[in-house]
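So the structure is just underneath, and the comments pick up after that.
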Amino acid sequence: MLELLSEREHSVGEMLPHVGIEPAHLSQQLAVLRRANLVVGRKEGSTVYYSLTDPHVAELLRVARTILSGVLTGQAGLLADLQATATQATATQGETRPVS
541 MLELLSEREH SVGEMLPHVG IEPAHLSQQL AVLRRANLVV GRKEGSTVYY
591 SLTDPHVAEL LRVARTILSG VLTGQAGLLA DLQATATQAT ATQGETRPVS
């Protein structure tokens, strides 16, 4: 939701196809974000348009995404090392040694 709102203001109806949750849950989450003063609502007729209260929230999301990407890259490297070690161990166990 915050990523969508970092682009521009959106109504609940505009956000629904992008977030994949029920409308009631989306409204509840927006209420939590409003109480935390991260988003603000602007009513136009019967539609409420939500936007970020501060552009720094979008910057925070960008930084968090960068950090997370680095962490995941490191974990992918660790996983590759573990898989290579497991493959080597399996290959070593499968070798037959000549009988003297």
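Positions 541 to 640 (my numbering) are the ones given, in order, by the sequence shown.
All C-beta atoms in this analysis are idealised placements derived from N, C-alpha and C, irrespective of residue type, glycine included.
Bear in mind the structure is a predicted one, so any value in this text is a computation, not a measurement.
Residue i to residue j span [Cα, whole Å]
i	j	result
Ile607	Thr627	30 Å
Met541	His550	9 Å
Thr593	Glu562	24 Å
Pro610	Asp621	What sits at residue 610 in the sequence shown is Gly, not Pro. Straight-line Cα distance between these residues: approximately 17 Å.
Gly617	Glu599	27 Å
Cβ pair residue i, residue j closer than 9 Å
i	j	result
Leu570	Tyr589	no
Leu612	Glu543	no
Leu578	Leu566	no
Arg575	Gly581	no
Reduced DSSP category for residue i - H, G, I as helix; E, B as strand; rest coil
i	result
Gly581	strand
Ser551	strand
Nearest to residue i (by Cα), restricted to the options the options
i	options	result
Val552	Ala604, Gln615, Glu584	Glu584
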